[in-house]
Every structure is written in C-alpha cells, then in structure tokens.
Amino acid sequence: MARTDLVAFADDDSWWAAGALEEASRAFAKHPRLGLLAGRIEVGPSRRLDAVCEEMCAAPWGQSADLPGPDVLGFLACGAVVRRQAFLDSGGFGRVVPFGGEEERLALDLAARGWGLSYVDAVVARHEPSPTRESPGARSARLGFHHLLTAVQRRPPDVVRDRWRGGHHPPYGRWEAAWRLALAVTRRRRLPDAVERRARQADALWAAERTD
Numbered sequence: 002m003a004r005t006d007l008v009a010f011a012d013d014d015s016w017w018a019a020g021a022l023e024e025a026s027r028a029f030a031k032h033p034r035l036g037l038l039a040g041r042i043e044v045g046p047s048r049r050l051d052a053v054c055e056e057m058c059a060a061p062w063g064q065s066a067d068l069p070g071p072d073v074l075g076f077l078a079c080g081a082v083v084r085r086q087a088f089l090d091s092g093g094f095g096r097v098v099p100f101g102g103e104e105e106r107l108a109l110d111l112a113a114r115g116w117g118l119s120y121v122d123a124v125v126a127r128h129e130p131s132p133t134r135e136s137p138g139a140r141s142a143r144l145g146f147h148h149l150l151t152a153v154q155r156r157p158p159d160v161v162r163d164r165w166r167g168g169h170h171p172p173y174g175r176w177e178a179a180w181r182l183a184l185a186v187t188r189r190r191r192l193p194d195a196v197e198r199r200a201r202q203a204d205a206l207w208a209a210e211r212t213d
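Here's what the structure looks like:
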C-alpha cells in the first residue's frame with residue numbers, strides 16, 4: 002500500500018504529462034479540504050478532450066471557495082490524484098464493483114465525508130486506449146450493471162429501480178452476479194441529503210447528454 006500523502010492513479014494505457022503531478026501536488030498543498038483532483042484527460046494522438054472531462058467542466062455547482070477548480074461528483078481513475086487519507090477514510094474502491102465504474106461510489110463517499118472533489122484543467126493525463134477493446138454492447142452492459150451495484154450500496158430505492166429497469170445484463174455468471182448484488186446490499190448506507198441532491202443532478206445531466 003502507498004505511504005505517500007498523495008496517490009496518482011494510472012491504467013496500463015495511460016500516463017501523466019510532464020509537470021502534471023507537480024501541479025497536482027501544489028493544488029493539494031494549497032487546499033487542505035481537497036480530497037480528489039480530477040485532471041484533464043487527453044485521448045489518442047490528437048489529444049482530444051475526453052467526453053467525461055467535458056461533462057465535468059459543465060457541472061452546475063460552480064467552484065467552492067476553498068477548492069482549486071470546479072466542483073465535481075465523479076472522475077475517471079486514469080486521470081485522478083487522491084489524498085491518501087481521504088481515500089482510506091472513504092473506503093477506497095471496495096470489493097463490490099470491479100474495474101469499470103468503480104469511481105462512482107468512491108466519489109459519493111468522499112463528498113459524504115466532506116472532502117472536496119475538483120476538476121483541474123492544468124493537470125493533464127494522456128490516454129491511449131487499446132484498439133482491441135470489448136465491444137460497445139459488452140462495455141455498456143458491464144458499466145450498467147456496475148452502476149446498479151453502486152445504486153444498491155448508496156442510492157434511494159427509486160434510483161435502484163430505475164437502474165434495474167435499464168435492462169443491463171450482468172457481464173458475469175449467475176452466481177457471481179448474485180454474490181455481487183448480495184454484497185452490495187450488505188454495504189448499503191444512505192447518503193447525506195445534500196450529496197443525494199447533487200447525485201440526482203448528475204444523473205439528470207448524464208441522461209441529457211445521452212439524449213442530445
């Protein structure tokens with residue numbers, strides 16, 4: 002386990018641009034409530050801005066006075082730096098949701114514990130996705146089921162119902178899917194009202210982006 006005060010995440014197809022981690026370190030030093038910094042993710046040789054970063058830039062919550070950038074309630078792990086204390090206080094990534102969407106529950110729990118999450122455009126990560134990735138349908142099914150698992154852990158019954166009705170078939174065998182759902186139920190905990198309100202706003206923005 003890392004012993005440093007800050008931990009920068011990366012996938013096997015991503016890396017941090019020169020100077021990015023120094024910029025992140027300065028942001029954390031200046032803003033003690035900052036628990037997680039979501040950086041700018043540039044994709045492929047053209048370095049196009051990742052769509053998730055565009056959504057974070059458009060978040061409706063403005064910028065808290067004690068944070069270095071716009072408030073967010075989500076992130077992509079390959080472009081995030083976290084304060085170790087905040088990560089551990091919030092339970093880390095946990096066992097319920099494996100790779101793909103594991104960030105959602107952590108973001109909710111960081112906010113629930115009062116940690117700030119900010120998007121900082123000056124902290125840049127590069128991402129070169131493999132050309133041999135899973136099909137869009139398989140990815141959608143996996144992420145949909147993982148979002149359902151997160152809802153079971155933290156969101157009200159109506160959100161769980163809506164995500165269940167989304168019809169995403171679990172990308173696992175029957176027994177593993179049942180095990181993950183049962184484990185999610187044992188980890189269920191209500192979010193503070195203020196965090197749940199923001200989560201609903203984020204849900205609405207996400208839905209609007211996909212119907213445009």
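Numbers given in this note's numbering equal positions in the sequence shown, counted from 1, plus 1.
Every residue, glycine too, gets a C-beta built ideally from N, C-alpha and C.
- Counting C-beta pairs closer than 8 Å gives three or more between the stretch 154–163 and the stretch 188–196, which meets the contact rule.
- Apart from the 5 residues on each side of it in sequence, Arg164 sits with its Cβ closer than 7 Å to the Cβ of His148, Leu149 and Ala152 in its chain, given in chain order.
- Put simply, the backbone Cα of Ala28 is about 44 Å away from that of Trp176.
- Under the Cβ criterion (8 Å, minimum of three pairs), the stretch 49–64 does not count as touching the stretch 131–138.
- Inclusion of Leu35 and Ser119 in the CB contact set at 8 Å is warranted, their separation being smaller than that value.
- For Arg155, the three-state secondary structure derived from DSSP is helix.
- A residue is called buried when at least 16 other Cβ atoms come within 10 angstroms of its Cβ; Ala59 does not meet this threshold and is exposed.
- Ala11 sits in coil when the DSSP states are folded into three classes, being neither helix nor strand.
- Within the stretch 33–82, complete alpha helix (DSSP H) segments of at least 4 residues are found at 52–58, given in chain order.
- Nearest to Val125 by C-alpha distance, out of Ala81, Ala183 and Leu206, is Ala81.
- With a cutoff of 8 Å on beta-carbon distance, Gly75 and Glu105 are scored as near each other.
- In the three-state DSSP reduction, Ala87 falls in the helix class (H, G or I).
- Under the 8 Å Cβ criterion, the stretch 93–108 does not count as touching the stretch 16–26, having fewer than three qualifying pairs.
- Note on the stretch 105–156: whole beta strand (DSSP E) runs with a minimum of 3 residues are 117–128, in chain order.
- The alpha-carbon separation between Asp72 and Asp204 amounts to approximately 15 Å.
- In this structure Ser91 does not touch Leu68 by the C-beta definition: roughly 17 Å separates them, more than the 8 Å allowed.
- The continuous stretches of alpha helix (DSSP H) do not include Glu103, and DSSP gives it neither H nor E.
- If you look at Thr187, you'll find it in the alpha helix (DSSP H) that goes Arg175 to Thr187.
- Comparing alpha-carbon positions, the option among Pro193, Arg84 and Arg4 lying closest to Ala30 turns out to be Arg84.
- Annotation: Gly93 to Ala87 spans about 9 Å, alpha carbon to alpha carbon.
- Cβ atoms of Val121 and Leu38 come within 8 Å of each other, at about 5 Å.
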